[in-house]
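Please read the structure below before turning to the comments.
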Amino acid sequence: MTNILNCPNLLPEKSYDIKNAVVFLHGYGANGNDLINIGHQFKNQLKNTAFISPNAPFKCEWNAEAYQWFDLTSIAPEKIGEGLEKAGPFLNNFIEEIKKKYSLVDNQIVFFGFSQGAMMALYHLCKRKNKCAGLLAYSGLLYTNENFDNEINVKFPIRIFHGREDEVINSNYSTKAFEKLKSLGFDVELKIEENLGHGINENGLISGYDFIKGIFNV
Numbered sequence: 010m011t012n013i014l015n016c017p018n019l020l021p022e023k024s025y026d027i028k029n030a031v032v033f034l035h036g037y038g039a040n041g042n043d044l045i046n047i048g049h050q051f052k053n054q055l056k057n058t059a060f061i062s063p064n065a066p067f068k069c070e071w072n073a074e075a076y077q078w079f080d081l082t083s084i085a086p087e088k089i090g091e092g093l094e095k096a097g098p099f100l101n102n103f104i105e106e107i108k109k110k111y112s113l114v115d116n117q118i119v120f121f122g123f124s125q126g127a128m129m130a131l132y133h134l135c136k137r138k139n140k141c142a143g144l145l146a147y148s149g150l151l152y153t154n155e156n157f158d159n160e161i162n163v164k165f166p167i168r169i170f171h172g173r174e175d176e177v178i179n180s181n182y183s184t185k186a187f188e189k190l191k192s193l194g195f196d197v198e199l200k201i202e203e204n205l206g207h208g209i210n211e212n213g214l215i216s217g218y219d220f221i222k223g224i225f226n227v
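If you're matching positions, the sequence shown starts at 10 in my numbering and goes up one per residue.
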């Protein structure tokens with residue numbers, strides 16, 4: 010297990026310049042450095058934004074630099090559900106800590122989740138007491154159980170992006186997530202990118218940047 014507060018970040022030169030934050034949630038077997046590079050591409054246009062990219066709380070046994078939110082050797086629904094429940098307190102505690110550390114409130118934070126990180130965000134953020142500013146969910150899926158609908162406390166803008174040729178998580182999962190969230194009254198958009206596998210391409214980055222810029226009104 011790792012302290013996810015010890016993580017890569019990109020901050021404005023002066024702490025009092027921080028007006029909002031983008032929190033990256035990486036995928037299975039990656040680490041905080043995997044997505045922080047996107048912050049490097051966005052930071053010059055989003056000057057008052059802190060970019061924070063935690064390592065997931067659990068290490069993968071096969072690589073000292075690889076982390077996981079939960080074991081993902083199986084995408085059977087019951088296994089994903091167990092993993093999400095186990096990892097949830099780590100994510101929620103992390104959010105509370107960065108709010109305190111950078112003097113932010115929930116609706117000043119956009120989340121950017123990829124794959125397993127998107128699963129975490131889609132499942133947990135809507136159950137928090139206060140809504141975040143928005144969520145970008147790339148190449149993930151929405152796990153639901155019989156209690157999910159009744160556990161939703163907040164709704165916020167969501168943009169889902171998925172490669173049609175994803176060889177790891179079928180893009181149909183994002184289509185189903187879009188339909189479910191739409192039926193629950195979320196402000197949600199879906200983009201299925203042709204000729205893209207399990208990853209984020211330039212169109213995905215442009216889509217993400219436009220979403221964040223609109224949320225932060227810059």
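Virtual Cβ for every residue (Gly too), placed ideally from N, Cα, C. All figures in this text were calculated on a predicted structure; none of them were measured in a lab.
Exercise. Who are the Cβ neighbours of M10 in its own chain at under 8 Å, not counting the five residues just before and after it?
Worked result: Because the pLDDT at M10 is just 46, under 50, the model does not fix this residue reliably, and the value given afterwards should be weighed accordingly. Correct list, in chain order: P66, F67, K68.
Exercise. Considering only C-alpha positions, which residue in the set Y76, E91, L113 is nearest to Y25?
Worked result: A check of alpha carbon separations from Y25 across Y76, E91, L113 identifies L113 as the nearest.
Problem set entry | DSSP-derived helix/strand/coil call for Q125 | Correct three-state label for Q125: helix.
For this session: Look at the Cβ atom of G217, then the Cβ atom of F187, and state whether they are nearer than 9 Å.
Result: No; because the gap between Cβ atoms is not below 9 Å, this pair is not in contact.
Problem set entry | Helix, strand or coil at Q54 according to DSSP, with G and I counted as helix | The answer is coil: DSSP assigns Q54 none of H, G, I, E or B.
Problem set entry | Where H35 falls, given that 16 or more other Cβ within 10 Å makes a residue buried | Classification for H35: buried.
Exercise. So, helix, strand or coil for N64, using DSSP?
Worked result: Per DSSP, reduced to three states, the secondary structure at N64 is coil, with no helix or strand assignment.
For this session: Would you kindly check if the distance between the Cβ of Y37 and the Cβ of L81 is under 9 Å?
Result: The criterion of a C-beta distance shorter than 9 Å is satisfied by L81 and Y37.
For this session: Under 8 Å by Cβ, that's how I've got G194 and K164 pegged, so tell me the actual separation to the nearest angstrom.
Result: With 8 Å as the limit, G194 and K164 qualify as a contact, their Cβ atoms being about 6 Å apart.
For this session: Measure the beta-carbon distance from E174 to G206 and round it to whole angstroms, keeping in mind my assumption that it falls under 8 Å.
Result: Right, the Cβ-Cβ distance comes to about 5 Å (below 8 Å), so this counts as a contact.
For this session: Provide the residue span of the beta strand (DSSP E) that contains E143, from first to last.
Result: One point to set straight first is that residue 143 is Gly, not Glu, in the sequence displayed. First-last of the beta strand (DSSP E) with G143: 143-147.
For this session: For the beta strand (DSSP E) containing K8, list its first residue and its last residue.
Result: The question about residue 8 has no answer, for the chain in this structure spans 10 to 227.
Problem set entry | Separation of G90 from C135, as counted between CA atoms | Rounded to the nearest angstrom, the gap between the Cα atoms of C135 and G90 is 16 Å.
Exercise. Any idea if S192 is buried or exposed, counting beta-carbon neighbours within 10 angstroms, 16 or more meaning buried?
Worked result: Residue burial annotation: S192 is exposed, with fewer than 16 other C-beta atoms found within 10 angstroms of its C-beta.
Exercise. Nearest to W78 by alpha carbon, out of N210, P98, E87?
Worked result: Looking at the Cα atoms, P98 is the closest of the given residues.
Exercise. Cβ atoms of F220 and R168: under 9 Å apart, would you say?
Worked result: Yes, these two residues count as a Cβ contact at 9 Å.
Exercise. Does the Cβ of H133 have 16 or more other Cβ atoms within 10 Å, making it buried, or fewer, making it exposed?
Worked result: Burial call: buried.
Exercise. Helix or strand or just coil, what does DSSP make of K104?
Worked result: Residue identity differs from the one stated: residue 104 is Ile in this sequence, not Lys. If DSSP states are grouped into helix, strand and coil, I104 belongs with the helices.
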